Every structure is written in structure tokens, then in C-alpha cells.
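For reference, the structure is listed below as C-alpha cells.
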Amino acid sequence: MREWGLTAADVIHLIVGEEGWISRDSNGNIRVHGVIHGRSMRIVIAADDPRFVITIHERRGDAT
């Protein structure tokens, strides 16, 4: 998060807001895709503990 200048509030806003879109990965984890500070980001949340963010990735191109 520090690398991109993101705060916990930025991540929470994307997760609970209506700007992002949600999908699931092959393990059933929740993936939230959206834009934070002009960057396309993907946030992966644990399926068994929705309070736990597994990872945050910057998305490039149309990679999922």
C-alpha cells in the first residue's frame, strides 16, 4: 500500500463503494477491481474471513 500511497480508508472505500466490481478467484476468495488515485487495482479478500485482505495488486492491461 505504501508503494502506491494508499491508505486503509482508500481500500475500504473501494471494497464497500459502488465504483468497483466483484468476482471470485479459483479458491473462492473475493476479488474487488477498481480505481484508486487513478490506478487500476485488484484487492483480494479471504473468503473465510472477509476482514482479511490477502493482497493488493496494481492491474495492467486487461489482466484478471
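So in numbering that gives the first Met the number 0, the last one in the sequence shown is 63, and the numbering has no gaps at all. Glycine included, each C-beta is placed from N, C-alpha and C at the ideal position. Keep in mind that this is a model prediction, so the values were computed, not measured.
Taking the C-alpha atoms as reference points, what is the distance between SER25 and ALA46?
Note on geometry: alpha-carbon atoms of SER25 and ALA46 lie some 11 Å from one another.
Indicate the three-state DSSP secondary structure (helix, strand or coil) for HIS36 in the structure shown.
If DSSP states are grouped into helix, strand and coil, HIS36 belongs with coil.
Using three-state DSSP, classify GLU95 as helix, strand or coil.
Since the displayed the chain opens at 0 and closes at 63, residue 95 lies outside it and no answer follows.
When DSSP labels each residue in this structure, what does ARG1 get in the three-state scheme?
Helix.
Along the chain, where does the alpha helix (DSSP H) containing ALA46 start, and where does it finish?
Careful: ALA46 lies outside any alpha helix (DSSP H) and carries neither H nor E.
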